[in-house]
Amino acid sequence: MKNNLKNKIIVVTGGNGLLGKSIIDNIKSEGGIIINLDINHKTSLDLLKIQCDVTDQISVDNSLKIITDKFNKIDGLVNNAYPRTNDWGDEFKKIKLSSWKKNIEMQLASCFYITQKISEHMIKSKNGSIINIGSIYGELGPDFSVYENTKITMPAAYSVIKGGIINFTRYLASYLGEYNIRCNCVSPGGIYDKQDEIFVKQYANKVPLKRMGTPQDISPLISFLLSDDSKYITGQNIKIDGGWSIK
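Numbering (our numbering), first residue to last: 7 to 253.
Here it is as structure tokens:
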């Protein structure tokens, strides 16, 4: 253990998910103090788990008040939550306009609002690191051949959302830089999550390293970007994709 995050208060949204769990484990291994904001658990007595709906302004406000009342500071934020509708994943021609609007609003607005509110505390302390989770498909067009002969597709709204988050990261880095607040984006490639074996094989064949990624491939970089070891890195979108994007 390097303890690169010792005594740092880090807020992670959506920490109960596949990637979120790995992010939290890695930050803990570096000595960080994690507050996990997730809708799928109850608030714990030690307040390290807070039930929060990141798409609801009042829920976010109440959660942040709990955090600042107890810890009096926030050193880092990882925007990892991934709210979406039940019809997420419909093929392009089947997407309803109402679903398109709701998914974009939920994901981009929630990222904006919690970042705005937490950055207010970081500005006061003139210190902080914000990590947004993007995707290779926020910069690249999808290769639909990897979905052939499966029921999987790449949701159209995903490209808009992740592309927006990547450029929002650049905006934040520029706007918050004078306050010594850094903002970076980590953009994973495909992460293995027990998908259709046909898809997994077809995807892996497109990757120079010949496999899909794992959460453990992603989380160490997030801890590094939260730490003082990366104190001169800001405004970057760093892809972790096994080489997918070099082709």
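By construction, the Cβ of each residue, glycine as well, lies at the ideal position given by its N, Cα and C atoms.
Going by CA-CA distance only, name the one from N85, G38, S69, V206 that's closest to K157.
In the sequence shown, residue 157 corresponds to position 151, counting from 1. Among N85, G38, S69, V206, the Cα nearest to that of K157 is on V206.
For N92, which three-state DSSP category applies?
Counting from one through the sequence shown, the residue named residue 92 turns up at place 86. Correct three-state label for N92: coil.
Could you compute how far the alpha carbon of N85 sits from the alpha carbon of G196?
Counting from one through the sequence shown, the residue named residue 85 turns up at place 79. Counting from one through the sequence shown, the residue named residue 196 turns up at place 190. Approximately 18 Å between the Cα atoms of the pair.
Taking only the alpha-carbon atoms, compute the straight-line gap between K132 and I187 and give it to the nearest angstrom.
On the sequence shown, position 126 is the one that residue 132 refers to. On the sequence shown, position 181 is the one that residue 187 refers to. Whole-angstrom Cα-Cα distance: 7 Å.
Strictly by DSSP, which residues pair up with S135?
For the purposes of this step, residue 135 is identified with residue 129 of the sequence shown, where counting begins at 1. DSSP lists G82, R188 as partners of S135.
Compute the beta-carbon to beta-carbon distance between L11 and I33, rounded to the nearest angstrom, for a pair I have assumed lies under 8 Å.
Mapped onto the sequence shown, residue 11 falls at position 5. Mapped onto the sequence shown, residue 33 falls at position 27. Correct: roughly 6 Å between the Cβ atoms.
What does the Cβ neighbour count give for Y181, buried or exposed, with the cut at 16 atoms within 10 Å?
Taking the sequence shown and counting its residues from 1, the one referred to as residue 181 is at position 175. The residue is exposed, with fewer than 16 neighbouring Cβ atoms inside 10 Å.
Below 7 Å CB to CB, which residues in the same chain sit around G183 once its five sequence neighbours on both sides are set aside?
Residue 183 sits at position 177 when you count from the first residue of the sequence shown. Cβ within range, chain order: T240.
Compare the Cα-Cα distances from I40 to each of I73, Q242, K108 and report the closest residue.
One-based indexing of the sequence shown puts residue 40 at position 34. Checking every option, the nearest Cα to that of I40 belongs to I73.
Report the three-state DSSP secondary structure of V18 (helix, strand or coil).
Numbered from 1 along the sequence shown, position 12 holds the residue referred to as residue 18. Strand, per DSSP.
Quick test of your reading: L231 and S135, contact by CB under 8 Å. State the CB separation rounded to the nearest angstrom.
For the purposes of this step, residue 231 is identified with residue 225 of the sequence shown, where counting begins at 1. For the purposes of this step, residue 135 is identified with residue 129 of the sequence shown, where counting begins at 1. At roughly 6 Å, the Cβ-Cβ gap stays under 8 Å, so L231 and S135 are in contact.
Where does the unbroken alpha helix (DSSP H) through I294 begin, and where does it stop?
Nothing in the structure corresponds to residue 294, since the chain is present only between 7 and 253.
Any idea what DSSP makes of S105, helix, strand or coil?
Within the sequence shown, residue 105 is the residue found at index 99, counting from 1. Correct three-state label for S105: helix.
What is the DSSP secondary structure of S50, counted as helix, strand or coil?
One-based indexing of the sequence shown puts residue 50 at position 44. In the structure shown, S50 sits in coil (DSSP, three-state: anything other than H, G, I, E or B).
Would you mind working out which of S236, L51, C117, D247 sits nearest K212, comparing C-alpha positions?
Numbered from its first residue, the sequence shown carries residue 212 at position 206. The shortest Cα separation from K212 among S236, L51, C117, D247 belongs to D247.
Decide if K76 is buried, meaning its Cβ has at least 16 other Cβ atoms within 10 Å, or exposed.
Sequence index remark: in the sequence shown, residue 76 carries index 70 (1-based). Exposed.
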